[in-house]
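Since the structure comes first, as structure tokens, the remarks are kept for the end.
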Amino acid sequence: MPDDSTFDSEFADIEAMLRDLDPDDLELDTPPDDIWHGIADELDLDARVPAGGATVVAAPFGRRRSWMLPLTAAAAIILVIAVGVIAATSSPGTEVASADLAFAPGFDPAGEDAAASAVLIDADGAESIRIDDDALPFDLDEDASLELWLIEADADGNVVDLVSLGDIEADGDRTFPVPAGYDPRVFTVVDISIEPHDGDAAHSGRSILRGALTA
Amino acid sequence: MSLATTSTVDMSWARSSSGYHRLVSADPTTTSESLDAAFAAGHADLRAVYDVHGRLVYNLCRRALDADTAKDVTQEVFVSAWKGRTQFDPDKGNLGQWLVGITKRRIIDHLRSEGRHADRRADEDSYIQADVHSEPTVDRLADKMLVATALEQLPERSRAVIHMAYIDDLTHQQIAEQTGLPLGTVKSDIRRGLERLRQQLEVNHA
């Protein structure tokens, strides 16, 4: 093995695992769709609580923290209207709401030229957020990802709670299931943030784009 | 857009709150850090878990079992994981590894069962030992699939140089020549990729 093709013993184990791979090992198949249908059938997952009447289980890490990321009063009013409109027009398999995401003062400067829109999709109660038409700063100068969040705001625009929907990858899927127990009629604000790979799963506070879902 | 203004944004809002730190480090995918914590707390959507880990579980099954059995076992793994989700302890490993542990046991069970049906006269222990899909083989397959799925999650350039270095066995110099990247960039890309893989796999290292 030439000297320059291996790193210190620091990576010996991961290097050994990589060297054990054959090209065939990297040809992974996408699981057939009927596997998920079988799982859902067996666990009766299709019998979900109808959207809008969902019982919001306690958030994983406790609710009603005093985090303050106030929205403006105008935005808060939009949220209230949006909640009503979304609830009234919800139907299966359709795009029930959307949001234009925008940069705002106080956000991370990396988002200044970014753009995206978000669509809430309801397929028989299975809700997901799809990110469309995005121009996002994937080429960050740091070891960090872009992460998608849903935020619950109170009437004053303060952040009540939030949940991560996952990382947005440059060439990755743009549809993100909404976790059970998080109702997009409550968690109405879509947020994209820069999350450094620093071992901290909390929101970094470095939002780049945000917008409220409206029907 | 008027959702936030400079005067009212408190940038310390989330990071400073206690109890929101993740319980375990990253999974084989980069999207699942909070998924592990949510699953441990009993709040994760199984569909989200399946979206992240279905590929890992299915491909592991597919390499040890025929296509129909692989589908059945994948389904069994997620059903039993969901029913037994209170047993998931993020302190003992990440969600992907926990699911792989369940998958390995299910695969071994099926192979043993098939073995009994295939040759009722054969002594069961000798059949298992002679089988190419013995337990150590399934362990090795599992490691390969964990690495392969983690590798898929790397950024494109990082994945490409790691592939060239460890699967194609090229030297860093050869990679630099083939890609046109400076040698220093190749080295730092590989190192960054290795760091990310190690973080995702939580491999113990000396």
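These protein sequences, in sequence, are chains A and B.
This note's numbering puts the first residue of the first sequence at 1, with every later residue one more than the last.
This note's numbering puts the first residue of the second sequence at 216, with every later residue one more than the last.
The beta-carbon is built from N, C-alpha and C at its ideal position, and this holds for glycine as well.
Decide if residue i is buried, meaning its Cβ has at least 16 other Cβ atoms within 10 Å, or exposed.
i: residue 302 of chain B; result: exposed
i: residue 318 of chain B; result: buried
i: residue 268 of chain B; result: buried
i: residue 359 of chain B; result: buried
i: residue 188 of chain A; result: buried
i: residue 94 of chain A; result: exposed
i: residue 282 of chain B; result: exposed
i: residue 53 of chain A; result: With a pLDDT of 27 at residue 53 of chain A, under the threshold of 50, the modelled position of that residue is not reliable, and no figure is offered here.
i: residue 395 of chain B; result: exposed
i: residue 37 of chain A; result: exposed
i: residue 23 of chain A; result: exposed
i: residue 286 of chain B; result: buried
i: residue 195 of chain A; result: buried
i: residue 277 of chain B; result: buried
i: residue 19 of chain A; result: exposed
i: residue 132 of chain A; result: exposed
i: residue 205 of chain A; result: buried
i: residue 351 of chain B; result: exposed
i: residue 202 of chain A; result: buried
Going by the CB atoms, is the gap between residue j and residue i shorter than 8 angstroms?
i: residue 152 of chain A; j: residue 162 of chain A; result: yes
i: residue 118 of chain A; j: residue 211 of chain A; result: yes
i: residue 365 of chain B; j: residue 412 of chain B; result: yes
i: residue 134 of chain A; j: residue 123 of chain A; result: no
i: residue 354 of chain B; j: residue 376 of chain B; result: no
i: residue 31 of chain A; j: residue 260 of chain B; result: no
i: residue 325 of chain B; j: residue 280 of chain B; result: yes
i: residue 271 of chain B; j: residue 292 of chain B; result: no
i: residue 253 of chain A; j: residue 175 of chain A; result: Beyond the ends of chain A as shown, which are 1 and 215, falls residue 253 of chain A; an answer cannot be given.
i: residue 148 of chain A; j: residue 121 of chain A; result: no
i: residue 305 of chain B; j: residue 251 of chain B; result: yes
i: residue 208 of chain A; j: residue 106 of chain A; result: no
i: residue 39 of chain A; j: residue 294 of chain B; result: yes
i: residue 297 of chain B; j: residue 43 of chain A; result: yes
i: residue 368 of chain B; j: residue 415 of chain B; result: yes
i: residue 126 of chain A; j: residue 300 of chain B; result: no
i: residue 179 of chain A; j: residue 253 of chain B; result: yes
i: residue 290 of chain B; j: residue 35 of chain A; result: yes
i: residue 27 of chain A; j: residue 381 of chain B; result: no
Mind pulling the chain A residues with CB within less than 8 angstroms of residue i?
i: residue 269 of chain B; result: 31, 35 and 36
i: residue 290 of chain B; result: 35, 38, 39 and 42
i: residue 377 of chain B; result: 18
i: residue 364 of chain B; result: 28
i: residue 416 of chain B; result: 14 and 17
i: residue 303 of chain B; result: Those within 8 angstroms of residue 303 of chain B in chain A number zero; the least Cβ separation is about 13 angstroms.
Can you list the residues of chain A that residue i reaches, using a CB-CB cut of under 9 angstroms?
i: residue 367 of chain B; result: 26 and 28
i: residue 321 of chain B; result: What residue 321 of chain B touches in chain A: nothing, since even the nearest Cβ is about 14 angstroms away.
i: residue 413 of chain B; result: 10, 11, 13 and 14
i: residue 309 of chain B; result: The premise fails here: residue 309 of chain B is roughly 12 angstroms from chain A at the closest Cβ pair, so nothing lies under 9 angstroms.
i: residue 358 of chain B; result: 17 and 20
In chain B, which residues lie less than 8 angstroms from residue i when you measure between Cβ atoms?
i: residue 120 of chain A; result: Here the premise fails: no neighbours, minimum Cβ distance about 15 angstroms.
i: residue 15 of chain A; result: 381 and 409
i: residue 171 of chain A; result: 371
i: residue 126 of chain A; result: 262
Assuming the contact rule is C-beta atoms closer than 8 angstroms, residue i and residue j should be a hit. Round their C-beta distance to whole Å, please.
i: residue 150 of chain A; j: residue 182 of chain A; result: 6 angstroms
i: residue 167 of chain A; j: residue 145 of chain A; result: 4 angstroms
i: residue 29 of chain A; j: residue 265 of chain B; result: Incorrect: roughly 15 angstroms between the Cβ atoms, too far for contact.
i: residue 197 of chain A; j: residue 143 of chain A; result: 5 angstroms
i: residue 323 of chain B; j: residue 288 of chain B; result: The Cβ separation is near 11 angstroms, so there is no contact.
i: residue 371 of chain B; j: residue 171 of chain A; result: 7 angstroms
i: residue 373 of chain B; j: residue 407 of chain B; result: 6 angstroms
i: residue 387 of chain B; j: residue 402 of chain B; result: 6 angstroms
i: residue 417 of chain B; j: residue 308 of chain B; result: 7 angstroms
i: residue 190 of chain A; j: residue 99 of chain A; result: 5 angstroms
i: residue 409 of chain B; j: residue 11 of chain A; result: 5 angstroms
Which residues in chain B sit within 7 angstroms of residue i, going by Cβ to Cβ distance?
i: residue 140 of chain A; result: What residue 140 of chain A touches in chain B: nothing, since even the nearest Cβ is about 11 angstroms away.
i: residue 45 of chain A; result: 261
i: residue 23 of chain A; result: 382
i: residue 115 of chain A; result: Here the premise fails: no neighbours, minimum Cβ distance about 11 angstroms.
Just the chain A side, please: which residues come within less than 7 angstroms of residue i by C-beta, in chain order?
i: residue 404 of chain B; result: None at all; the shortest Cβ gap to chain A is about 12 angstroms.
i: residue 266 of chain B; result: 177
i: residue 315 of chain B; result: The premise fails here: residue 315 of chain B is roughly 14 angstroms from chain A at the closest Cβ pair, so nothing lies under 7 angstroms.
i: residue 277 of chain B; result: 29
i: residue 294 of chain B; result: 39, 42 and 43
Mind checking if residue i is an interface residue toward chain C, Cβ cutoff 8 angstroms exclusive?
i: residue 150 of chain A; result: In the structure shown, chain C does not exist; the protein chains are A and B.
Open item on the list: Give the list of continuous alpha helix (DSSP H) stretches no shorter than 4 residues that lie fully inside the stretch 275-301 of chain B.
Closed with: Restricting attention to alpha helix (DSSP H) runs no shorter than 4 residues, the stretch 275-301 of chain B encloses them at 282-298, ordered along the chain.
Open item on the list: Quick check on the DSSP output: what are the complete alpha helix (DSSP H) runs of length 4 or more inside the stretch 306-334 of chain B, in order along the chain?
Closed with: Fully enclosed alpha helix (DSSP H) runs of 4 or longer: 310-333.
- [ ] With a floor of 3 residues, list each beta strand (DSSP E) that falls wholly inside the stretch 115-165 of chain A, ordered by position along the chain.
- [x] Counting only runs of 3 or more residues that sit fully inside the stretch 115-165 of chain A, the beta strand (DSSP E) segments are 115-123, 126-135 and 144-153, in chain order.
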